[in-house]
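Written out below as structure tokens is the structure these notes cover.
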Amino acid sequence: MSGFLELEKIKRTGFWPAVFGGGILAALVPVINTAVREEVFLQQDGSALEILMNENWQMMAMLNLFFLVASACLLYHTEYADNAIQRMCTLPQKENKMFLNKFVLMCGFCLIALAIEGAGLIFSAVRWFPADEKILWNGVLNMGYAFVLLLPGTLFMLLISAACKNMWISLGIGVICVFTATMLPADHFILSLFPFAMPFQIFAGTVPAVLKNYWIAVGAECAIGCFAAVIFFKVRRLFS
Amino acid sequence: MNFISLLEVELKKIRRSGIFIILFAAAVFMWIPAIFHGDVNFKTQADIGIAPEYNFLIQGFMGLAWFMFPACMVVCTVLICQTERGNHGMLKMLSLPIKTGKLCLAKFAVLLALGACFLFFAAVVYFISAGIVSKTQSYDFMLSPIFVLKETGLIFLTSIPMVAFFWLLSVCIRTPIFAMGVGFASIVPSVLMINTKFWFVYPMAYPFFAVTNEYAKLAESMTPKRIDDVLWGSIALFVTLICVFVSCFCFGQGERR
Amino acid sequence: MNIIETKNLRKTYGDFTAVDGINLHIKQGSVYGFLGPNGAGKSTTMKMFLGLAKPTEGTFLIDGKKFPKNRMEILKEVGSFIEAPAFYGNLTGEENLDIVRKILGLPKYSVEEALDLVGLTQYKGRLARKYSLGMKQRLGLASALIGKPPILFLDEPTNGLDPVGIHEIRTLIRSLPEKFNCTVLVSSHLLSEIELMADDIGILNHGHLLFEGTLEELKNAARLKGFPTENLEDMFLAMIAVDNEQRGSRK
Chain A
1 MSGFLELEKI KRTGFWPAVF GGGILAALVP VINTAVREEV FLQQDGSALE ILMNENWQMM
61 AMLNLFFLVA SACLLYHTEY ADNAIQRMCT LPQKENKMFL NKFVLMCGFC LIALAIEGAG
121 LIFSAVRWFP ADEKILWNGV LNMGYAFVLL LPGTLFMLLI SAACKNMWIS LGIGVICVFT
181 ATMLPADHFI LSLFPFAMPF QIFAGTVPAV LKNYWIAVGA ECAIGCFAAV IFFKVRRLFS
Chain B
1 MNFISLLEVE LKKIRRSGIF IILFAAAVFM WIPAIFHGDV NFKTQADIGI APEYNFLIQG
61 FMGLAWFMFP ACMVVCTVLI CQTERGNHGM LKMLSLPIKT GKLCLAKFAV LLALGACFLF
121 FAAVVYFISA GIVSKTQSYD FMLSPIFVLK ETGLIFLTSI PMVAFFWLLS VCIRTPIFAM
181 GVGFASIVPS VLMINTKFWF VYPMAYPFFA VTNEYAKLAE SMTPKRIDDV LWGSIALFVT
241 LICVFVSCFC FGQGERR
Chain C
1 MNIIETKNLR KTYGDFTAVD GINLHIKQGS VYGFLGPNGA GKSTTMKMFL GLAKPTEGTF
61 LIDGKKFPKN RMEILKEVGS FIEAPAFYGN LTGEENLDIV RKILGLPKYS VEEALDLVGL
121 TQYKGRLARK YSLGMKQRLG LASALIGKPP ILFLDEPTNG LDPVGIHEIR TLIRSLPEKF
181 NCTVLVSSHL LSEIELMADD IGILNHGHLL FEGTLEELKN AARLKGFPTE NLEDMFLAMI
241 AVDNEQRGSR K
């Protein structure tokens, strides 16, 4: 129930249009790219989705990360802007719970954006590539994997936003994190585990053993993120 | 109140905002990967015939011009707008005998100053990084300060239309997520735009285009694109003037409604 | 019976002592006026009661519950308004209260009730950021009063209100113990205001509790110490001035 409260708090902040706008913008990347470079794409080996993901996902993932950074900053900015956080802290609810609710909300937004992006990829595959019966299922798998890999980044970005009262500070830290992620080599497993670098990974063409490692890494990072959030809110209260 | 005094006032407003720490951290993080991948510069020399020391600087500046600098400018626009709108500071400013256009221009100048400051940090951290890589790779990566200054100046100059566009976004779009979102989203396609014939209509691509062209000039196996400087300059000036004019016109309209 | 009791409660920020070992005794069903000049430590004390600031030393009991062990239980019983109204500017007054209502698990009609209590019903559909200063203050009060909590902490609740509004809110605060059987801790820097609302008074200066008792007891104490008692404001100012002098000479 309390998850819906967070939904209520973001009324009139422009979140909904931003989710759909961001999703549509990212979904347009494969559509436009394939329309312009149809011949180059069709000459490549592999399944339609694999080619499309390889050619477009870097840019799409970056748009997703930017959306993530901006929306996480704004979620806590609504709390800090008119000091609503103070009232929230004087109500019988834990800050951890509010954080978790915001995380769930962010996950929902990511799902919507990824669903739109998935639709863009599937449209491009159906429109320009030879027919593939499993395209829908593959699309779901790819976007599902992308969603899971977005979770640690979402968690850590939200934590950064919760820690900084000034939106530009959290936004600045987020930008630095995204930039660092783009500089890290995607084929280096350990470095690619940086929460903001994980969303650049692609499901298509990845061997099951590597996928499993990423699943474990996501689980571990989420656990660390949650633990860090609990500790952070406790420490902040101690030093208030 | 003259423009210089107004500029001083505007600079005072961003005191203790923490933005300089963020900008410095961004400059440091920008060069860290380059330090770790110092050996790659020799490989690039073999591939395209560019001296490692030039490759080190220009590759770093490419990341700066494509992503870090534009993204940091978006963050700075958020800072300037939020400090003013946050505690109704804007209302106070509008109630003072200052022309809103002048105020808007002063804020734009602050944004440019922050940009210059970030580029200064990036150049300083470059020299430190080049020093470190010179030691680790036993090769002199240090370039002449004049050359570094020239490249930094080029990024600054070519980014003015882009900064003006970001400023326009932050003034005209009052919903923060849209202003930020449009700003960030506009950064991503610049890497595609520089490969098209119409790169000059996209101000966000200017600094990246300029640095990439510098790279091509320094690499033996690459051919720099021929640019009509007068045409580019005219378009850039037009974009800047339009953005600044519209932002000055729209500035404070929301508060005066 | 005391519903709130503090024991040597102290709060320091670096080398600055905001609250210096105060012992408060607030009776159940009373209005306790917390009086003191700006920076005396009134808000800090209230913040400590709400867990917004951690006491450096000392303890306190609220309705027999101890902080920090029973913080959540304490917050369930308390309605608060600290320093300035806290709200979501992008939501209407009604929506702001609805969020608080849901967290407290109150019935839907409590929003209307709270709006009605502070006279905001007419403006409930307006965005909170577009409220006037007085309306924001009323919204903050409504957010504290929602669900008729048994304990209320109100920090300078009449700030920003017009004379009619001040009168309304004072009357409302005065009537709360009788109407809802609640205890109110209300702070102000004006003795004349506290006089009209409070049963008991606590005077704070530079973090020290200078006096605690009823208004009559305060007058008697002042008379004994040679302070003017005809005008309450003069009496208060004289007390503070003497305390400041003594503090200065001690330094």
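Protein chains in written order, with the working numbering: chain A, 1 to 240; chain B, 1 to 257; chain C, 1 to 251. Just so it is clear, CB atoms sit at the ideal spot from N, CA and C, and this is done for glycine as well. What you are looking at is a predicted structure, and each value in this text was computed from that prediction instead of being measured.
Between the C-alpha atoms of ALA46 (chain B) and TYR215 (chain B), what's the straight-line distance to the nearest angstrom? 15 Å
Can you find at least 3 beta carbon pairs, one from the region 64-72 of chain B and one from the region 206-223 of chain B, that sit closer than 8 Å? yes
Measuring CB to CB, does LEU161 (chain C) end up less than 8 Å from ILE151 (chain C)? By the CB criterion at 8 Å, LEU161 (chain C) and ILE151 (chain C) fall outside the cutoff.
Could you confirm whether any beta carbon from chain C is found closer than 8 Å to the beta carbon of GLU8 (chain A)? yes
Could you have a look at GLY58 (chain C) and say whether DSSP puts it in helix, strand or coil? strand
What do you get for GLU217 (chain C), buried or exposed, if any count of 16 or more other CB atoms within 10 angstroms of its CB means buried? A residue is called buried once 16 or more other Cβ atoms fall within 10 Å of its Cβ, and GLU217 (chain C), having fewer, is exposed.
Specify the secondary structure class of LYS138 (chain C) as computed by DSSP and reduced to three states. Here residue 138 (chain C) is Arg; the residue named in the question, Lys, does not match the sequence. Helix, per DSSP.
Distance CB(SER221 (chain B))-CB(TYR202 (chain B)) smaller than 8 Å: No, Cβ-Cβ distance for SER221 (chain B) and TYR202 (chain B) is not below 8 Å.
Counting only C-beta atoms, is ILE176 (chain A) closer than 8 Å to chain B at any point? Interface residue, yes.
Alpha-carbon spacing of ILE240 (chain C) relative to SER188 (chain C), whole angstroms: The straight-line gap separating the alpha-carbon atoms of ILE240 (chain C) and SER188 (chain C) is approximately 14 Å.
Do the region 197-209 of chain A and the region 148-165 of chain A touch if we need at least three Cβ pairs shorter than 8 Å? The region 197-209 of chain A is in contact with the region 148-165 of chain A.
How many Å lie between PHE3 (chain B) and PHE245 (chain B) at the Cα? 17 Å
One question on the structure: do TYR88 (chain C) and ALA113 (chain A) come within less than 8 Å of each other, judged by their Cβ atoms? no
Continuous alpha helix (DSSP H) stretch holding PHE81 (chain C): start and end: PHE81 (chain C) -> not in any alpha helix (DSSP H); beta strand (DSSP E) instead, spanning 78-81.
Give the residues of chain A in contact with MET72 (chain C), contact being defined as C-beta atoms less than 9 Å apart. PRO92, GLN93 and LYS94
What's the C-alpha gap between PHE166 (chain B) and ASP116 (chain C)? Their backbone Cα atoms lie some 45 Å apart in a straight line.
So, using beta-carbon positions, are TRP232 (chain B) and TYR126 (chain B) closer together than 8 Å? no
Is the separation between the beta-carbon of ILE19 (chain B) and that of TRP168 (chain A) shorter than 8 Å? yes
Work out the CA separation of LEU191 (chain C) and GLY226 (chain C) for me, nearest whole Å. 18 Å
Is the beta carbon of ILE4 (chain C) less than 8 Å from the beta carbon of LEU185 (chain C)? yes
Terminal residues of the beta strand (DSSP E) in which VAL331 (chain C) lies: Residue 331 (chain C) lies beyond the residue range present for chain C, which begins at 1 and ends at 251; the question has no answer from this structure.
How about LEU50 (chain C) and VAL78 (chain C): do their beta carbons lie closer than 8 Å? yes
Applying a beta-carbon distance threshold of less than 9 Å, which residues of chain C neighbour SER240 (chain A)? What SER240 (chain A) touches in chain C: LYS47, GLY51, LEU52, ALA53 and LYS54.
Express the C-alpha separation of TYR13 (chain C) and ILE116 (chain A) in angstroms, rounding to a whole number. 51 Å
Taking only beta-carbon atoms, is ASN83 (chain A) less than 8 Å away from chain B? no
Test: ILE146 (chain C) CB closer than 8 Å to a CB of chain A: Chain A, which has no Cβ nearer than 8 Å to the Cβ of ILE146 (chain C), makes this no.
When the Cα atoms are used, what is the spatial distance from ASN64 (chain A) to THR77 (chain B)? 21 Å
Span of the beta strand (DSSP E) around GLU5 (chain C): 2-13
Please name the residue or residues paired with PHE16 (chain C) in a DSSP beta bridge. DSSP lists C:TYR13 as partners of PHE16 (chain C).
With respect to the beta strand (DSSP E) encompassing PHE211 (chain C), which residues constitute its N-terminal and C-terminal limits? 208-214 is the span of the beta strand (DSSP E), which, as asked, contains PHE211 (chain C).
Determine, for LEU68 (chain A), whether the minimum Cβ-Cβ distance to residues of chain C falls below 8 Å. No, because no Cβ of chain C sits closer than 8 Å to the Cβ of LEU68 (chain A).
From TYR123 (chain C) to ASN90 (chain C), what does the alpha carbon distance come to, in whole angstroms? 15 Å
Determine whether the Cβ of GLN137 (chain B) lies closer than 8 Å to any Cβ atom of chain A. no
Can you check which of these residues, B:GLY252, B:ILE155, B:PHE42 and B:ILE160, is closest to LEU119 (chain B) by C-alpha distance? B:ILE155
If I measure Cβ to Cβ from GLU151 (chain B) and keep anything under 8 Å in the same chain, skipping five residues before and after, which residues do I get? LEU57, ILE58, PHE61, VAL211 and GLU214
Spatially closest choice to LEU141 (chain A) from A:ILE160, A:VAL40, A:ALA119 and A:LYS9, by CA coordinates: A:ALA119
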